[in-house]
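Peer 1: Encoded as structure tokens, here's the structure I'll be asking about.
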Ligand SMILES: [Zn+2]
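In our numbering, the protein residues as written are 40 to 435.
Encoded structure:
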């Protein structure tokens with residue numbers, strides 16, 4: 040009897056959470072609405088929507104907007120909008136040159152951002168855990184409550200979304216990163232780990248250069264190169280979650296040495312270090328600063344310009360293969376590609392346009408990312424709030 044009652048209570052709780060999530064998703068994707076409009080959008084009863092809206096208003100996640108006339112008869116309808124409130128998803132990125140953090144609220148607004156350069160890759164894990172501890176204190180100071188955290192890393196992650204199985208350019212492995220960030224927030228087994236290109240693709244889709252795109256290929260641009268693929272608005276992950284692992288496909292100059300220990304990988308020809316070697320310039324504190332310096336030098340120096348063109352052509356050759364397989368309508372190029380813009384996209388586009396045999400195959404549009412090096416952390420934060428928006432995680 041007691042057990043049946045408990046089960047019933049848990050079931051009702053689950054249903055309430057799912058219904059609340061449905062209202063939150065509707066407001067996030069389709070904008071402000073009256074209670075009656077929300078009932079029509081979600082298929083929930085008006086009374087149910089009324090109760091959910093009341094509860095969400097109390098927790099500061101929603102607020103009422105101006106009154107609008109609902110017609111000649113009846114009371115004016117009050118529309119509600121997402122306010123964001125106190126719950127935030129926290130996204131982190133661990134990369135070769137930096138660690139970053141972004142916190143996003145339920146309305147999608149960025150509430151905190153921090154980036155720290157890292158001089159030595161051996162220190163990346165410690166730098167990330169230090170940043171997580173700092174972020175936990177800053178969020179608490181602002182009255183914000185983290186509902187989850189995701190760490191974006193350039194590598195392969197096990198299907199448990201927590202265990203790092205392969206990061207050729209970074210000394211990260213196993214669950215140590217997830218456990219370290221868990222500890223910073225006083226959690227157990229809550230932090231998730233995700234591929235950085237998958238996170239970057241989600242960020243550009245929701246916040247950046249891919250907002251109007253259904254079939255998107257996102258390419259990270261750092262020392263390593265990875266792809267995140269969005270098909271009909273959803274992330275494509277593949278059988279083991281390794282879809283988009285394009286950096287170590289043998290699409291580069293055959294002799295070029297790669298961080299993975301082999302030769303000929305695509306990222307050994309189009310990664311940031313390959314470009315630096317071609318143009319004979321030194322690396323600065325961040326990929327953005329380095330790329331901005333190269334872009335400025337290319338305007339003056341034909342040898343630098345030729346190096347950037349060579350990188351762009353290798354980019355186009357690899358993209359021709361990848362795009363021939365997945366047929367995206369738009370390719371968004373993130374990381375160091377963005378400050379170089381047309382200097383690198385132009386030669387890539389020329390190679391790509393010539394690559395297809397059938398006249399009906401049109402090369403995808405190439406765009407630079409709008410979010411820079413923040414993309415992966417922002418997308419990781421989106422993944423961290425996704426649990427609330429899917430009804431899996433309760434609001435604090
Ligand atoms: Zn490789």
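Idealized CB from N, CA, C, for every residue including glycine.
Can you tell which of 375, 392 and 330 has the C-alpha that lies nearest to the C-alpha of residue 355?
Peer 2: The shortest C-alpha separation from residue 355 is found at 392.
Peer 1: Within this structure, are the beta carbons of residue 298 and residue 208 separated by less than 8 Å?
Peer 2: Yes, the Cβ-Cβ distance between residue 298 and residue 208 is below 8 Å.
Peer 1: Taking residue 259 as the reference, which of 119, 416, 125 and 140 has the closest Cα?
Peer 2: Nearest option by C-alpha distance: 416.
Peer 1: With DSSP collapsed to three states, give me the class of residue 144.
Peer 2: Strand at residue 144.
Peer 1: Does the Cβ of residue 221 have 16 or more other Cβ atoms within 10 Å, making it buried, or fewer, making it exposed?
Peer 2: Residue 221 should be labelled buried.
Peer 1: Taking any heavy atom of ligand 2 as the mark, which residues have a C-beta closer than 7 Å to it, listed down the chain?
Peer 2: This structure lacks ligand 2; its bound ligands are ligand 1.
Peer 1: Does residue 185 come out as helix, strand or coil in the three-state DSSP assignment?
Peer 2: Residue 185: strand per DSSP, three-state reduction.
Peer 1: Please report the distance separating the alpha-carbon of residue 296 from that of residue 307.
Peer 2: Each residue's alpha carbon lies about 6 Å from the other.
Peer 1: Bridge partners of residue 131, per DSSP?
Peer 2: BP columns for residue 131 point to 140 and 190.
Peer 1: Does the beta-carbon of residue 50 have 16 or more other beta-carbons within 10 angstroms, so that it is buried, or is it exposed?
Peer 2: Exposed, by the Cβ-count rule.
Peer 1: Would you check if the distance between the CB atom of residue 383 and the CB atom of residue 347 is smaller than 8 Å?
Peer 2: Yes; because the gap between Cβ atoms is below 8 Å, this pair is in contact.
Peer 1: Can the beta-carbon of residue 120 be found less than 8 Å from the beta-carbon of residue 102?
Peer 2: Going by C-beta atoms, residue 120 is nearer than 8 Å to residue 102.
Peer 1: Hey, would you say residue 175 sits closer than 8 Å to residue 223, going by beta carbons?
Peer 2: A contact, by the Cβ cut-off of 8 Å.
Peer 1: Secondary structure at residue 386, three-state DSSP: helix, strand or coil?
Peer 2: Note: residue 386 maps to helix in three-state DSSP.
Peer 1: Does the distance from the CB of residue 98 to the CB of residue 83 come in under 8 Å?
Peer 2: Going by C-beta atoms, residue 98 is not nearer than 8 Å to residue 83.
Peer 1: Is residue 350 near residue 389, with beta carbons less than 8 Å apart?
Peer 2: The answer is no: Cβ separation not under 8 Å.
Peer 1: Give the C-beta separation of residue 187 and residue 128 to the nearest angstrom, bearing in mind that I take them to be a contact with Cβ-Cβ under 8 Å.
Peer 2: Residue 187 to residue 128, Cβ: 6 Å. Contact.
Peer 1: Please list, in chain order, all residues of the same chain as residue 405 whose beta carbon is under 6 Å from its beta carbon, the five residues on each side excluded.
Peer 2: Result list for residue 405: 370, 384 and 388, in chain order.
Peer 1: Can you find the residues in the same chain that come closer than 7 Å, C-beta to C-beta, to residue 44, ignoring five residues on each side of it along the sequence?
Peer 2: With a pLDDT of 45 at residue 44, under the threshold of 50, the modelled position of this residue cannot be trusted; read the value that follows with caution. For residue 44, where only same-chain residues beyond five positions count, there are no Cβ hits under 7 Å.
Peer 1: Which one of 73, 283 and 363 has the shortest CA to CA distance from residue 118?
Peer 2: Residue 118 has its Cα closest to that of 73, out of 73, 283 and 363.
Peer 1: Quick check on the burial criterion: 16 or more other C-beta atoms within 10 angstroms. Buried or exposed for residue 53?
Peer 2: When all chains shown are included, residue 53 counts as exposed.
Peer 1: Taking the alpha carbon of residue 92 as the point to measure from, which residue in 420, 63, 68 and 135 has its own alpha carbon closest?
Peer 2: Here the closest residue by C-alpha is 63.
Peer 1: Under the three-state reduction of DSSP, which class applies to residue 305: helix, strand or coil?
Peer 2: Three-state result, residue 305: coil.
Peer 1: Can you tell me the Cα-Cα spacing of residue 178 and residue 171, whole angstroms?
Peer 2: Spanning the two alpha carbons is a distance of roughly 10 Å.
Peer 1: Identify which residue in 431, 413 and 430 has its Cα closest to the Cα of residue 149.
Peer 2: Residue 413 is the option with its Cα nearest to residue 149.
Peer 1: Once the 5 residues before and after residue 166 are set aside, which same chain residues still bring their CB inside 7 Å of it?
Peer 2: Here the set comprises 138, 155 and 157.
Peer 1: Near residue 29, what residues of its chain come up, given a Cβ to Cβ distance below 7 Å and the 5 sequence neighbours on each side ignored?
Peer 2: The first residue shown for the chain is 40 and the last is 435, placing residue 29 beyond what the model contains.
Peer 1: By how many angstroms is the C-alpha of residue 435 removed from the C-alpha of residue 426?
Peer 2: In a straight line, the C-alpha of residue 426 is about 12 Å away from that of residue 435.
Peer 1: Given a threshold of 16 other Cβ atoms within 10 Å of its Cβ, counted over all protein chains shown, does residue 431 qualify as buried or as exposed?
Peer 2: Under this definition residue 431 is an exposed residue.
Peer 1: CB residue 286 to CB residue 300, shorter than 8 Å?
Peer 2: Cβ atoms of residue 286 and residue 300: not closer than 8 Å.
Peer 1: By the 10 Å Cβ neighbour count, where 16 or more other Cβ atoms means buried, how is residue 243 classified, buried or exposed?
Peer 2: Classification of residue 243: buried, given that the 10 Å Cβ count is 16 or more.
Peer 1: On the DSSP letters alone, give me the boundaries of the alpha helix (DSSP H) that residue 226 sits inside.
Peer 2: Careful: residue 226 lies outside any alpha helix (DSSP H) and carries neither H nor E.
Peer 1: Please report how far the alpha carbon of residue 214 lies from the alpha carbon of residue 115, in whole angstroms.
Peer 2: Residue 214 and residue 115: Cα-Cα distance of roughly 54 Å.
Peer 1: If we require 4 or more residues per run, which alpha helix (DSSP H) segments fall completely within the region 52-106?
Peer 2: List check, alpha helix (DSSP H) in window: 74-81 and 85-97.
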